[in-house]
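Quick note: the sequence shown uses the numbering used here, first residue 5, plus one each step.
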Amino acid sequence: MSLTRIVPSQQSNRLPELLVPALLGALILVYFAIPFVAFLARSGPANVVAGLSSPEAQRAIHNSLITAPISTLIAAVFGIPLAYVLARTSFVGKRFVEALVILPLVVPPVVGGAMILTAVGRFTPIGSAVATLGISLTDSLIGVVLAQTFVAAPFVIITARAGFGAIDERLEQASRSLGYGPLSTFWNVSLPLARGAIVAGIILTFARAIGEFGATMMVAYNPRTMPTRIWVDFIAGGIDSIVPLALALLGITLAVLAAVQRFGRVPTVIDQ
5 MSLTRIVPSQ QSNRLPELLV PALLGALILV YFAIPFVAFL ARSGPANVVA
55 GLSSPEAQRA IHNSLITAPI STLIAAVFGI PLAYVLARTS FVGKRFVEAL
105 VILPLVVPPV VGGAMILTAV GRFTPIGSAV ATLGISLTDS LIGVVLAQTF
155 VAAPFVIITA RAGFGAIDER LEQASRSLGY GPLSTFWNVS LPLARGAIVA
205 GIILTFARAI GEFGATMMVA YNPRTMPTRI WVDFIAGGID SIVPLALALL
255 GITLAVLAAV QRFGRVPTVI DQ
């Protein structure tokens, strides 16, 4: 009997075993889907276009589309080298550094915003020193970037670290044996091999940054971003008033999801 006949038979024999897990999984999928369907049915195209045409909504979209890429760039420039160090070396205090990377993910965003305020607020040593230069670290687009970076940067660090950890170190050693230095090896070998994970981490970081609300509200309630504008509109007019901006943000999120599936790869290996 050929292998091609055995495998389908084995799979069919497992169907009864997977019935209960499949039913349980279907329930959570239905729970995920119902809110999306209900929300999408809330407003027609005309109302969405009219809502997005308001100056407030356009300003919020503009602010989000400016700050989120900057936050993502900062996270990538500083986070990817850190991810490589964590994947390739052991040192005293490594567990502390790893915990520090994860901390912004587990701390409630509002608390994270309060922590940022205690560090760079207007009346702190850092905030007041920068203010003498005419720069405000809070209630400004800079404050938005600070909040977004704090909350979103761990995504690219964790994902890139997993990508670097999945690379066979012998490939990097072979590059070094051919005369390439550490930086050349990192740029020409490590980065290309971990590209899928890095791209996925960058895209996820952007999605987290553009959707950030809690920390942004604490650090820079003004100028408004899309999430803070949604909150203001909800307080003023309820669910119906936030549908246009929420749909725009949802559209960006779906585009990010499609980009991750098309260009990125989230590795399953976290530690090597």
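Heads up, the beta-carbon is just placed ideally off N, CA and C, and yes, glycines get one too.
If you draw a straight line from the alpha carbon of Ala263 to that of Ile207, how long is it in whole angstroms? Within the sequence shown, the letter at position 259 stands for residue 263. Within the sequence shown, the letter at position 203 stands for residue 207. Each residue's Cα considered, the two are about 7 Å apart.
Which class does Asp4 belong to by DSSP, given the choice of helix, strand or coil? Only positions 5 to 276 of the chain appear in the structure, and residue 4 is not among them; the question remains open.
Taking the beta carbon of Val247 as the centre, do at least 16 other beta carbons fall within 10 Å, making it buried, or is it exposed? On the sequence shown, residue 247 is found 243 positions in, with the first residue counted as 1. The residue is buried, with at least 16 neighbouring Cβ atoms inside 10 Å.
What residue from Thr189, Ala164, Val160 has the CA that sits closest to Glu173's CA? Locating residue 173 in the sequence shown gives position 169, where the first residue counts as 1. That would be Thr189, whose Cα lies nearest to the Cα of Glu173.
Residue burial classification, Arg228 (beta-carbon count within 10 angstroms, cutoff 16): Numbered from its first residue, the sequence shown carries residue 228 at position 224. Arg228 is buried by the Cβ-count criterion.
Is the Cβ-Cβ distance between Ala219 and Phe154 less than 9 Å? Counting from one through the sequence shown, the residue named residue 219 turns up at place 215. Counting from one through the sequence shown, the residue named residue 154 turns up at place 150. Yes, these two residues count as a Cβ contact at 9 Å.
Cβ shell of Asn192 (< 8 Å), same chain only, five flanking positions each side left out: To locate residue 192, count along the sequence shown from 1; it is residue 188. Contacts found: Ser179, Tyr184.
Among Ala118, Gly169, Pro39, which has the Cα closest to the Cα of Gly200? Along the sequence shown, one-based indexing puts residue 200 at 196. Minimum Cα distance to Gly200 is reached at Gly169.
Rounded separation between Gly255 and Phe95 - CA only: Here residue 255 refers to the residue found at position 251 of the sequence shown. Here residue 95 refers to the residue found at position 91 of the sequence shown. Approximately 43 Å, taken between the alpha carbons.
Can you tell me whether DSSP reads Phe127 as helix, strand or coil? Counting from one through the sequence shown, the residue named residue 127 turns up at place 123. Phe127: coil per DSSP, three-state reduction.
Rounded to whole angstroms, what's the CA-CA distance from Leu258 to Ala30? Just pull it up for me. Taking the sequence shown and counting its residues from 1, one reaches residue 258 at position 254. Taking the sequence shown and counting its residues from 1, one reaches residue 30 at position 26. Taking the straight line joining both Cα atoms gives about 21 Å.
Quick check: the segment 57-74 against the segment 139-151, are at least 3 beta-carbon pairs closer than 8 Å? yes
Measuring alpha carbon to alpha carbon, tell me which residue in Ala211, Asp237, Arg233 is nearest Ser75. Looking up residue 75 in the sequence shown gives position 71. Taking only the C-alpha atoms, the option nearest Ser75 is Ala211.
Enclosing alpha helix (DSSP H) for Ser68 [first to last residue]: The residue you call residue 68 lines up with position 64 of the sequence shown. Note, Ser68: alpha helix (DSSP H), 59-92.
Once the 5 residues before and after Ser245 are set aside, which same chain residues still bring their CB inside 6 Å of it? Counting from 1 along the sequence shown, the entry for residue 245 is found at position 241. The residues are Asp237.
Whole angstroms are fine: how far does the CA of Val34 sit from the CA of Gln265? Your numbering for residue 265 matches position 261 in the sequence shown. Your numbering for residue 34 matches position 30 in the sequence shown. Going by the C-alpha atoms only, they are around 22 Å apart.
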